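>
2 protein chains.
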Amino acid sequence: MAAKTKRSSTGSKGLTYADSGVSIAAGDRFVGSIGSLLRRTHGQRVIDNPGGFAGLLRLDYNEQLFKHNYKDPVLVACADGVGTKVHLAIEMNKHDTVGIDLVAMNVNDLIVQGAEPLLFLDYIAVHAVDQQVLYDIVKGISDGCKLAGCALIGGETAEMNDLYQENDYDLAGFSVGVVELKKATNPLRVEPDDIVIGLESSGVHSNGYSLVRKVLKHAKLKLDKVYPELETDRTLGEVLLEPTRIYADSIVKLLRSYKVKKIISGMAHITGGGMEGNLNRSLHDGVDAVIDERSWEVPPIFDLLQKHGNIEEAEMRQVFNMGIGYCLIVRPSFADAVIRRLEKSGEKPHVVGIIKAGSGKVKIKNRRK
Amino acid sequence: MAAKTKRSSTGSKGLTYADSGVSIAAGDRFVGSIGSLLRRTHGQRVIDNPGGFAGLLRLDYNEQLFKHNYKDPVLVACADGVGTKVHLAIEMNKHDTVGIDLVAMNVNDLIVQGAEPLLFLDYIAVHAVDQQVLYDIVKGISDGCKLAGCALIGGETAEMNDLYQENDYDLAGFSVGVVELKKATNPLRVEPDDIVIGLESSGVHSNGYSLVRKVLKHAKLKLDKVYPELETDRTLGEVLLEPTRIYADSIVKLLRSYKVKKIISGMAHITGGGMEGNLNRSLHDGVDAVIDERSWEVPPIFDLLQKHGNIEEAEMRQVFNMGIGYCLIVRPSFADAVIRRLEKSGEKPHVVGIIKAGSGKVKIKNRRK
Numbered sequence: 000m001a002a003k004t005k006r007s008s009t010g011s012k013g014l015t016y017a018d019s020g021v022s023i024a025a026g027d028r029f030v031g032s033i034g035s036l037l038r039r040t041h042g043q044r045v046i047d048n049p050g051g052f053a054g055l056l057r058l059d060y061n062e063q064l065f066k067h068n069y070k071d072p073v074l075v076a077c078a079d080g081v082g083t084k085v086h087l088a089i090e091m092n093k094h095d096t097v098g099i100d101l102v103a104m105n106v107n108d109l110i111v112q113g114a115e116p117l118l119f120l121d122y123i124a125v126h127a128v129d130q131q132v133l134y135d136i137v138k139g140i141s142d143g144c145k146l147a148g149c150a151l152i153g154g155e156t157a158e159m160n161d162l163y164q165e166n167d168y169d170l171a172g173f174s175v176g177v178v179e180l181k182k183a184t185n186p187l188r189v190e191p192d193d194i195v196i197g198l199e200s201s202g203v204h205s206n207g208y209s210l211v212r213k214v215l216k217h218a219k220l221k222l223d224k225v226y227p228e229l230e231t232d233r234t235l236g237e238v239l240l241e242p243t244r245i246y247a248d249s250i251v252k253l254l255r256s257y258k259v260k261k262i263i264s265g266m267a268h269i270t271g272g273g274m275e276g277n278l279n280r281s282l283h284d285g286v287d288a289v290i291d292e293r294s295w296e297v298p299p300i301f302d303l304l305q306k307h308g309n310i311e312e313a314e315m316r317q318v319f320n321m322g323i324g325y326c327l328i329v330r331p332s333f334a335d336a337v338i339r340r341l342e343k344s345g346e347k348p349h350v351v352g353i354i355k356a357g358s359g360k361v362k363i364k365n366r367r368k
Numbered sequence: 000m001a002a003k004t005k006r007s008s009t010g011s012k013g014l015t016y017a018d019s020g021v022s023i024a025a026g027d028r029f030v031g032s033i034g035s036l037l038r039r040t041h042g043q044r045v046i047d048n049p050g051g052f053a054g055l056l057r058l059d060y061n062e063q064l065f066k067h068n069y070k071d072p073v074l075v076a077c078a079d080g081v082g083t084k085v086h087l088a089i090e091m092n093k094h095d096t097v098g099i100d101l102v103a104m105n106v107n108d109l110i111v112q113g114a115e116p117l118l119f120l121d122y123i124a125v126h127a128v129d130q131q132v133l134y135d136i137v138k139g140i141s142d143g144c145k146l147a148g149c150a151l152i153g154g155e156t157a158e159m160n161d162l163y164q165e166n167d168y169d170l171a172g173f174s175v176g177v178v179e180l181k182k183a184t185n186p187l188r189v190e191p192d193d194i195v196i197g198l199e200s201s202g203v204h205s206n207g208y209s210l211v212r213k214v215l216k217h218a219k220l221k222l223d224k225v226y227p228e229l230e231t232d233r234t235l236g237e238v239l240l241e242p243t244r245i246y247a248d249s250i251v252k253l254l255r256s257y258k259v260k261k262i263i264s265g266m267a268h269i270t271g272g273g274m275e276g277n278l279n280r281s282l283h284d285g286v287d288a289v290i291d292e293r294s295w296e297v298p299p300i301f302d303l304l305q306k307h308g309n310i311e312e313a314e315m316r317q318v319f320n321m322g323i324g325y326c327l328i329v330r331p332s333f334a335d336a337v338i339r340r341l342e343k344s345g346e347k348p349h350v351v352g353i354i355k356a357g358s359g360k361v362k363i364k365n366r367r368k
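Top to bottom, those sequences are chains A and B.
For the first sequence, numbering that gives the first Met the number 0 gives the first residue as 0, with consecutive numbering after it.
For the second sequence, numbering that gives the first Met the number 0 gives the first residue as 0, with consecutive numbering after it.
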């Protein structure tokens, strides 16, 4: 049996359901609750479209007082999921944070291109509709959208009990942002002597969870146990489920504060592939990024995983963010000012490297063993 | 094991892979082939972003000769999957058309709001990467984007063998379009005496496949058999896998041809919920749509499913499109002209009903038994 539940941009009237799998009364409750989760993310630019076939968002804002028009707007769009981190959420029966991960994985990619996140849509595929689980998932997505400053204007819930096993679900997210053509990041801007600033991650983020789960199983680690080496009173499960940090607010603020000068020459979201597999995407063929691995501390969760999984350092570096979730490449004379601004926004920035003439690669010095 | 393969807006340089699950050589071949599937959908407005974190598309086109700027652009966005039609594709081991369905399910929703489709992204979740299957899926998506006139600027392939069973996969799509604020459809425009024009579907489209598969199993129908009552030499499987018609091209052309006059007062994409559950979404509380069920012929595939599944007429009407995949509500004096234009675009339009004063409902007259 498959039932698809469409959630479009909502007005106070509620949502429209093309759904045969949910009882009307239960469905109505669900609609009401989800509706408010969407609306709390809506700014002035979202156009109410109750029962509509799609979500609507005005790109420009033409009201007198806050008039804002883009000159040559570039839409920036991406799609991503959270991978097998959903399994951890399912095992722990805690579903209200993977939505934050979902938003993070998308908007952290958008902002790399210089974009401000505008809108978000989700796709939730489930074995069967469990209202509480679905509510929690959408609650997390809504929280993520609030953090990222983007509007959750729609989504799709697909109930497919022959594709997904009991209690299983999968999540995909889609996000659109906008940037003025002149302000879009471009690898060609990166120059030797530019400084690489790394922003701390909140933990494992949303990459490498298949390996994480392999380690858990292999070393018989317990999700509900507090491990002293994690230096926290949170359980291992809580540390692992910590949502991916959303860098959108800090980065958008930073980009806005340097409207004219192009002092940020590149950025990178550190996901699967690690620093070496992501920062290189922001470089042109004439430069390398030389990263000093001793310039930040690796959070204890990675040491725990490495120890119990007996994982080689190179493998760790390729799979995990190792403590740095986002990088900025900035003009050297502005590095200090950028760091101060990022600290003010609540980030924990570190100078992690420098750009040298090269061939488009990330090189690691002072490797950890 | 989970590997995520990011496909961003591609230049001739190729794509970037953050992927540990595919061999480099095989991966390179895949990248090359997928890259061209994306590029063939790209118009002038797509900005090459090889290795980028997201896809880029210029909203306005500011080059001298074809200069085009939106005055008050509204972004229209939606997310959708193809439901269990993927199972049929998997059973038939034919994967190059479900991508068309995926695009159709999304862009047919976008155009209802008056939007022109701009861009598309996909999410493909698989048990394991099978290059040929993945290529075929993306080929279908690319074909769909060509038909819909939108750019495939990215996507995500997630390999999750503990969530998906062998050979299984799921698809989600996401589409963004744009419409001038003044031209966005609005249910309030619909008036008594407006004419409802229905466009023929290409078959079952992408809704009701759980019921279809139940019927197949129950009546032991064979996918590879030609059934005379289908009045075609195509097999049942071929008829069922026929891709969802993409109405974007015809509708966008039509909307462009009536730039000033608002002669189209509403539209509806007929999906799960049928005519009664979708056309009502285009009505305000003061009008009904009265649909004459004898005004078009129900395609034989629906009769076959109904007969072999012993399905009640009301159930059929709620689950399937019954031959009409898209509706337009137009001012009466323009109905003939609109029909002629749609025919020129290759559609098969029928006058299927009329708008009356009412309460926002779809009423069926001359019901089939």
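Ideal Cβ placement from N, Cα and C applies to all residues, glycine included.
All values reported here derive from a predicted model rather than from experimental measurement.
#1: Where DSSP assigns a beta bridge to residue 355 of chain A, which residues make up the other side?
#2: Against chain B, does residue 305 of chain A count as a neighbour if the rule is that its beta carbon must be under 7 Å from one of theirs?
#3: So does the stretch 140-148 of chain B actually touch the stretch 177-197 of chain B, counting three or more Cβ pairs closer than 8 Å?
#4: Sorted by chain position, which residues of the same chain lie with C-beta nearer than 8 Å to residue 165 of chain B's C-beta, five sequence neighbours on each side aside?
#5: When you compare only the Cα positions, how much space is there between residue 319 of chain B and residue 271 of chain B?
#6: Starting from the Cα of residue 97 of chain A, find the closest Cα among A:325, A:168, A:111 and give me that residue.
#7: Is residue 86 of chain A closer than 7 Å to residue 218 of chain A when the C-beta atoms are compared?
#8: Grab me the residues of residue 110 of chain A's own chain with a C-beta within less than 6 Å of its C-beta, minus the 5 sequence neighbours each way, in chain order.
#9: Quick check for students: name the residue ranges of the beta strand (DSSP E) that lie wholly in the stretch 165-248 of chain A, counting only runs of 3 or more.
#10: Please report the distance separating the alpha-carbon of residue 264 of chain A from that of residue 243 of chain A.
#11: Helix, strand or coil for residue 81 of chain B per DSSP?
#12: Interface residues of chain B around residue 175 of chain A at Cβ under 8 Å?
#13: What is the C-beta distance between residue 177 of chain A and residue 115 of chain A, in whole angstroms, given that I count them as a contact (C-beta under 8 Å)?
#14: Please report whether the beta-carbon of residue 43 of chain B lies at a distance below 7 Å from any beta-carbon of chain A.
#15: Whole-angstrom Cβ separation of residue 194 of chain B and residue 331 of chain B, contact assumed at under 8 Å?
#16: Is residue 51 of chain A closer than 7 Å to residue 171 of chain A when the C-beta atoms are compared?
#17: Who are residue 325 of chain B's beta bridge partners in DSSP?
#18: Does any residue of chain A bring its CB to less than 7 Å from the CB of residue 185 of chain B?
#19: Following a CB-centred definition, is residue 285 of chain B positioned closer than 6 Å to any heavy atom of the ligand NAD?
#20: Find the residues of chain B that neighbour residue 122 of chain A, judging by a C-beta separation of less than 7 Å, and give them in chain order.
#21: Of all the CB atoms in chain B, is at least one closer than 7 Å to the CB of residue 268 of chain A?
#22: Which whole-angstrom value describes the C-beta separation of residue 292 of chain B and residue 206 of chain B, a residue pair presumed to lie in contact below a C-beta threshold of 8 Å?
#23: The beta strand (DSSP E) with residue 364 of chain A in it runs from where to where?
#24: Which value, in whole angstroms, describes the spacing of the CA atoms of residue 20 of chain B and residue 296 of chain A?
#25: Got a sec: which bits of the stretch 35-59 of chain B sit with their beta carbon under 8 Å from any beta carbon on chain A, in order along the chain?
#26: Which residues in the same chain as residue 91 of chain A place their Cβ atom closer than 8 Å to its Cβ, once the five residues preceding and following it in sequence are excluded?
#27: Going along chain B in order, which residues have a C-beta closer than 9 Å to the C-beta of residue 151 of chain A?
#28: Thinking residue 348 of chain B and residue 338 of chain B are a contact (beta carbons under 8 Å), I'd like their distance in whole angstroms, please.
#29: I'd like the list of long-range same chain contacts for residue 210 of chain A, defined as Cβ closer than 6 Å, with 5 residues on each side in sequence excluded.
#30: Out of A:281, A:238, A:300, A:182, state which residue places its alpha-carbon closest to the alpha-carbon of residue 258 of chain A.
#31: Using a C-beta cutoff of 7 Å, does residue 324 of chain B count as contacting chain C?
#32: Could you check whether the Cβ of residue 363 of chain B sits closer than 7 Å to any Cβ belonging to chain A?
#33: How would you call residue 112 of chain B, buried or exposed, if buried means at least 16 neighbouring beta carbons within 10 angstroms?
#34: State the Cα-Cα distance for the pair residue 281 of chain A and residue 48 of chain B, rounded to the nearest angstrom.
#35: Buried or exposed: where does residue 204 of chain B fall if 16 or more other Cβ atoms within 10 Å of its Cβ makes it buried?
#36: Give, in chain order, every residue of the stretch 132-159 of chain A whose Cβ lies closer than 7 Å to some Cβ of chain B.
Taking the definition as stated:
#1: A:287
#2: no
#3: no
#4: 126, 127
#5: 7 Å
#6: A:168
#7: no
#8: 247, 250
#9: 168-179, 194-199
#10: 24 Å
#11: coil
#12: 74, 76, 175
#13: 6 Å
#14: no
#15: 5 Å
#16: no
#17: B:198, B:268
#18: no
#19: In the structure on display, the ligand NAD does not appear, and there are no ligands present to speak of.
#20: 78, 80, 122, 171
#21: yes
#22: Wrong, their Cβ atoms sit about 18 Å apart, outside the cutoff.
#23: 361-364
#24: Here the model assigns residue 20 of chain B a pLDDT of 40, short of 50, so the residue's position is not dependable, and the following value carries that caveat. Approximately 29 Å between the Cα atoms of the pair.
#25: 46, 48, 50, 51, 52, 53, 54, 55, 56, 57, 58, 59
#26: 222, 236, 240
#27: Here the premise fails: no neighbours, minimum Cβ distance about 11 Å.
#28: 5 Å
#29: 318
#30: A:182
#31: Absent from the structure is chain C; the protein chains it does hold are A and B.
#32: no
#33: buried
#34: 10 Å
#35: buried
#36: 152, 153, 154, 155, 157, 159
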